[in-house]
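In the working numbering, the protein residues as written are -12 to 946. Every residue gets a Cβ at the ideal spot worked out from N, C-alpha and C, and that includes glycine. All values derive from a computational prediction rather than experimental measurement.
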RNA sequence: GCGGGUGUGGUGAAAUUGGUAGACACGCUAGACUUAGGAUCUAGUGCUUAACCGCGUGAAGGUUCGAGUCCUUUCACCCGCACCA
């Protein structure tokens, strides 16, 4: 005897405890079964806790994990925490509380929230990036990067000792490396360099290196930000202004891997959009560098430019250099100094934000210098303009106004020549440039008549032949800044000696742990709080590096640590890495496209080069779950007070929104929240709650749609009973900031984890963004109650028995097995839920009581709703968990039909249906259809022009 | 501007190779039962119509016996990048 009614609280608590006690989801690194690795992007444990959007991906991956487990795989499905990060540090700055403490508390909260949803994580493998046992290996990988260089000839990373050996034997003349340009030297010279000189040279080779650059400096945060942390010249977090500032920084040479990162995309199963974003970010462009001799230059120099369109070189009528080009000052002629120097000065001081917001506004100045066009011998003027970027290509371009829109607008503004060199019938290049890479060359000497694609090759061959330049591939991708002037991150295991030469800590000195500090505040000078701890910074060997690693360091390799999380000899044992291999299925947000997902690929390729990994892509298949949005509720506040009082106005009464400010309202105060068909509003209670919540508006007047509320008293228009102050409802982020966060705990309490799991899947395709809307969850809850009723009668007795299986029930079962198996594999989880509903509806209609059928159905349901499935499974006398059951095999024979209700369409429109045997031939079908009374009515005595019979599908008559 | 994506009932959505558009749910309407509930069950529900007919997948063309699905043009919204030569 058990509960007569479906009691989710009892069942879910019981099984979550049972699973934990039995260590049901523990997984071993050794098995005769094939391994399958299912991974979620691990969360940053923020103080806000999980909201209903977070589990979306976890639920999907849990379903796949459970499905794979039941299909004979040994499944690795771990979870952990990306635990270093700015919010905990900001909180520490405000409160003095150690970030480790805050982080541990937040993790505990996350864990309890996750546990309530019934995931099949193997928690014995949990990793936390902020734990010394973990970041020891993050530091170890950094050491490897420092100790390796990228050999272009072997196309892989190699040990720096091998490079030094080459230098000692033959200098660097035959070395091709990825990195900065280095002057040639011979072995003799190398041997005479001092330690300082040698290290300066090696820094151009190492994959982790120090380099002075301009960085994104944010004064308010007191730190340097990565490019992707800056949006429109403001910090992504906090929205503070960001300026360019020179600073010495650690970098990782990701650019060495640019081509491989690009090529690798073809072999992985990721969405096209993410691949495109990465391709874009890497930004490969093929072209040539060309040298344009500078006219009358005392040093005899040539200006090197990069172009992807060497076919248009005869149309180059001027040159443009970036304001920060190293020769800018030299090239400014005395008689242009006033104007050009002033321009350079102005451009340098312009903030990133200003520059970006005024893209369409062309600016620049003539330097007074000229180049000699290497093909025509003509003199072309050199301009300086900030539409040419110092950091890309050579920082200088040949301008072809006829075929480049940017050059065109510049030429128009400065009244420069526009020479057409590519044929184009449609438009006049004097009016607008023709940028397309199609057509034939004209006005181009030996290139005339050639197609653009061929002309590019010919031009490059000519350039090569005459030693005017060379074919060149450029990438937009920049080396990755690797230092943060922050406390809460992995310390970089480096010590600088008295000559400021960096050296690594020994492996035995790892992990280099974070010391305790008195203050977490940025020092303001740009150094991290660590710099203030003298006895930590100063060691007998020298001064420690005080920068810490960026947030993405720990997350770039965490998927490896799960394979062997307690290993203290190596990041993970070779056996474990070999057994699990790449992540088979990875689920996470698309917002990490150019961050985590690129850096992980880079580290994986590097670790593969140094033989730590037997594969060089981390994530075989990636699915990006869409964001679950919230509904942001706000009320309109008059900007002007009336008689010293704030006035809120019902949204229907707002005529000119410019006179109002929108004030967010906590969604708990709103009536009819989340119902899309009825507008939400504040009633008298909501108004009271709002005023208590925001005391600064305690004296506010609410102008409602049906009267006014003054001092909590409703003055009705007419006979209205209750005030209605309509709110403004908009779809937006679910976030603390908008007071619209829905905690999964609340859903679990009211409806249960199984309902939450099914409902989140039922909302729509996993990848789509969708607003969280509670209406509809009842349907899923009802489905589970119906499922329960198939197994348990009103008295609480278990129903299923061994009576013979009904043919129809077998058909329902096997149709369900087939559909769900297929849909789980193509991650169409919303349609699986529909399929379950159909099955339960059919079983109910069929009054199916066959235990074998219903138990098989339970197995198919169990990845989605594990608790109820486990309970009903146990009630059927099973002792082993349903999670370990074998997925039922699908048998086609139960689906075979002997007849088909053919849709009969006439001129493409379905008019009737005729039940016909599937054994009939085309001709027999045609004959049967033509005899049908309904068909004859439509034919009206005429012969059909044509009859199309698709056996098993449809019949179409053309009249 | 460039790249990627999405447009289907009142709502979330389905339709996997071109073959009955709207499965499955929510909501709504009517009814049954009743311990009166936010429970359960039954029937209906794209628009239009008394019914038949007709119309219907953002819009306009096209291919086809047949188009949500393929092709061309176009509009709207979302995401990413943004002077990358």
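Could you tell me which uninterrupted beta strand (DSSP E) segments, each at least 3 residues in length, are contained entirely in the region 141 to 184, listed from first to last along the chain?
DSSP runs (the beta strand (DSSP E)) wholly in the region 141 to 184: 143 to 146.
So the alpha helix (DSSP H) residue 599 belongs to, where does it begin and stop?
Working through the first chain from its first residue, we reach residue 599 at position 612. It is not in any alpha helix (DSSP H) - residue 599 carries neither H nor E in the DSSP assignment.
Euclidean distance between Cα positions of residue 662 and residue 750:
For the purposes of this step, residue 662 is taken as residue 675 along the first chain, with counting starting at 1. For the purposes of this step, residue 750 is taken as residue 763 along the first chain, with counting starting at 1. Because the pLDDT at residue 662 is just 49, under 50, the model does not fix this residue reliably, and the value given afterwards should be weighed accordingly. Spanning the two alpha carbons is a distance of roughly 15 Å.
Cutoff 6 Å; reference residue 774; Cβ partners in own chain excluding five residues on either side:
Taking the first residue of the first chain as position 1, residue 774 is located at position 787. Residues 827 of the same chain have their beta carbon placed closer than 6 Å to that of residue 774, with the five preceding and five following residues left out of the count.
Given this structure, state the Cα-to-Cα distance separating residue 296 from residue 248, to the nearest angstrom.
As a first step, residue 296 must be located in the first chain, where it is residue number 309. As a first step, residue 248 must be located in the first chain, where it is residue number 261. Their Cα atoms are separated by approximately 25 Å.
What residue range is occupied by the uninterrupted beta strand (DSSP E) comprising residue 396?
On the first chain, position 409 is the one that residue 396 refers to. Counting along the chain, residue 396 falls outside any beta strand (DSSP E), though it belongs to the alpha helix (DSSP H) covering 392 to 401.
With residue 117 as the anchor, note down where its beta strand (DSSP E) starts and where it stops.
Against the first chain, residue 117 aligns to sequence position 130. That residue, residue 117, is in no beta strand (DSSP E); it is neither H nor E in DSSP.
Please go through the same chain and pick out, in chain order, the residues whose beta-carbon is closer than 6 Å to the beta-carbon of residue 689, but skip the five residues on each side of it.
Taking the first residue of the first chain as position 1, residue 689 is located at position 702. Only 635, 674, 696 and 712 meet the Cβ criterion.
Nearest-angstrom Cα distance between residue 62 and residue 565?
Translated into the one-based positions of the first chain, residue 62 becomes position 75. Translated into the one-based positions of the first chain, residue 565 becomes position 578. Between residue 62 and residue 565, the alpha-carbon positions lie close to 15 Å from each other.
For residue 292: DSSP bridge partner residues:
By 1-based counting over the first chain, the position of residue 292 is 305. The secondary-structure analysis by DSSP pairs residue 292 across a beta bridge with 277.
What's the gap between the Cα of residue 485 and the Cα of residue 171?
Counted from its first residue, the first chain places residue 485 at position 498. Counted from its first residue, the first chain places residue 171 at position 184. The alpha-carbon separation between residue 485 and residue 171 amounts to approximately 28 Å.
If we ignore side chains and look at the alpha-carbon of each, how far apart do residue 576 and residue 351 end up?
In the first chain, residue 576 corresponds to position 589, counting from 1. In the first chain, residue 351 corresponds to position 364, counting from 1. Rounded to the nearest angstrom, the two C-alpha atoms are 42 Å apart.
If we count the other Cβ atoms within 10 Å of its Cβ and call it buried at 16 or more, is residue 431 buried or exposed?
What you label residue 431 is simply residue 444 of the first chain in a count that begins at 1. Burial call: buried.
Please determine if the region 89 to 106 and the region 132 to 142 are in contact, where contact requires at least 3 C-beta pairs separated by less than 8 Å.
The region 89 to 106 vs the region 132 to 142: no contact.
Residue 28 beta carbon near the ligand FAD (any heavy atom closer than 7 Å)
Absence of the ligand FAD is noted for the structure shown, with no ligands found whatsoever.
I'd like to confirm the pairing. Which residues does DSSP put opposite residue 239 in its beta bridges?
Here residue 239 is taken as the residue at index 252 of the first chain, counted from 1. According to DSSP, which records beta bridges pairwise, residue 239 is partnered with 195 and 467.
Contact the region 78 to 96 vs the region 501 to 516: 3+ CB pairs below 8 Å
Yes, the region 78 to 96 touches the region 501 to 516.
Just how far apart, CA to CA, sit residue 799 and residue 738?
As a working mapping, residue 799 is identified with position 812 in the first chain. As a working mapping, residue 738 is identified with position 751 in the first chain. In a straight line, the C-alpha of residue 799 is about 27 Å away from that of residue 738.
Could you tell me the alpha carbon to alpha carbon distance between residue 548 and residue 39, rounded to whole angstroms?
The count along the first chain starts at 1 and reaches residue 548 at position 561. The count along the first chain starts at 1 and reaches residue 39 at position 52. Their Cα atoms are separated by approximately 28 Å.
Which residue's Cα is closest to the Cα of residue 284: 256, 293 and 357?
For the purposes of this step, residue 284 is taken as residue 297 along the first chain, with counting starting at 1. Out of 256, 293 and 357, 357 has the C-alpha closest to the C-alpha of residue 284.
Within 10 Å of its beta-carbon, does residue 532 have 16 or more other beta-carbons around it, so buried, or fewer, so exposed?
Taking the first chain and counting its residues from 1, one reaches residue 532 at position 545. Buried, because 16 or more other Cβ atoms sit within 10 Å of the Cβ of residue 532.
Beta-carbon proximity of residue 849 to residue 56, cut-off 8 Å:
Taking the first residue of the first chain as position 1, residue 849 is located at position 862. Taking the first residue of the first chain as position 1, residue 56 is located at position 69. Not a contact, by the Cβ cut-off of 8 Å.
My understanding is that residue 383 touches residue 308, with C-beta atoms under 8 Å, so please give their C-beta distance in whole angstroms.
Within the first chain, the letter at position 396 stands for residue 383. Within the first chain, the letter at position 321 stands for residue 308. About 4 Å separates the Cβ atoms of residue 383 and residue 308, confirming a contact at the 8 Å cut-off.
What are the boundary residues of the beta strand (DSSP E) that residue 899 is part of?
By one-based count along the first chain, residue 899 stands at place 912. Note, residue 899: beta strand (DSSP E), 896 to 904.
Whole-angstrom distance between residue 93 and residue 811, CA atom to CA atom:
Position 824 of the first chain, counted from the start, is the residue given in the question as residue 811. Position 106 of the first chain, counted from the start, is the residue given in the question as residue 93. Counting only the Cα atoms, residue 93 lies some 33 Å from residue 811.
Assigned secondary structure, residue 742 (DSSP; H/G/I helix, E/B strand, else coil):
By one-based count along the first chain, residue 742 stands at place 755. Helix, per DSSP.
Looking at the structure shown, is residue 48 part of a helix, part of a strand, or coil, going by DSSP?
In the first chain, the residue the question calls residue 48 occupies position 61. Residue 48 falls in the helix class under three-state DSSP.
Cβ-based neighbour list, residue 306, same chain, cut-off 8 Å, excluding 5 preceding and 5 following
To locate residue 306, count along the first chain from 1; it is residue 319. The residues are 279, 290, 292, 358, 367, 368, 369, 370, 383, 384, 385 and 386.
Simplified DSSP state of residue 564, which is helix, strand or coil:
Locating residue 564 in the first chain gives position 577, where the first residue counts as 1. In this structure, residue 564 counts as helix in the three-state DSSP scheme.
Using only alpha-carbon positions, find the residue among 897, 887, 463 and 281 that is nearest to residue 270.
Locating residue 270 in the first chain gives position 283, counting from the first residue. With respect to the C-alpha of residue 270, the residue from 897, 887, 463 and 281 having the closest C-alpha is 463.
Hey, out of 911, 588 and 599, whose CA is closest to residue 560's CA?
Counting from one through the first chain, the residue named residue 560 turns up at place 573. The shortest Cα separation from residue 560 among 911, 588 and 599 belongs to 599.
Pairwise C-alpha distance: residue 851 and residue 2
Translated into the one-based positions of the first chain, residue 2 becomes position 15. Translated into the one-based positions of the first chain, residue 851 becomes position 864. Distance between the alpha carbons of residue 2 and residue 851: 15 Å.
I need the DSSP call for residue 572, collapsed to helix, strand or coil.
Locating residue 572 in the first chain gives position 585, counting from the first residue. Under the three-state reduction of DSSP, residue 572 is assigned to strand.
Would you mind sorting residue 282 into buried or exposed? The rule is 16 or more other CB atoms within 10 Å of its CB.
One-based indexing of the first chain puts residue 282 at position 295. Residue 282 should be labelled exposed.
For the region 192 to 201 against the region 231 to 248, do three or more pairs of beta-carbon atoms, one drawn from each stretch, fall closer than 8 Å, so that the two count as touching?
With a cut-off of 8 Å, the region 231 to 248 and the region 192 to 201 count as touching, because enough Cβ pairs lie within range.
Give, in chain order, every unbroken run of the alpha helix (DSSP H) that is at least 4 residues long and sits entirely within the region 488 to 566.
Listed in chain order, they are 521 to 524, 539 to 542 and 545 to 548.
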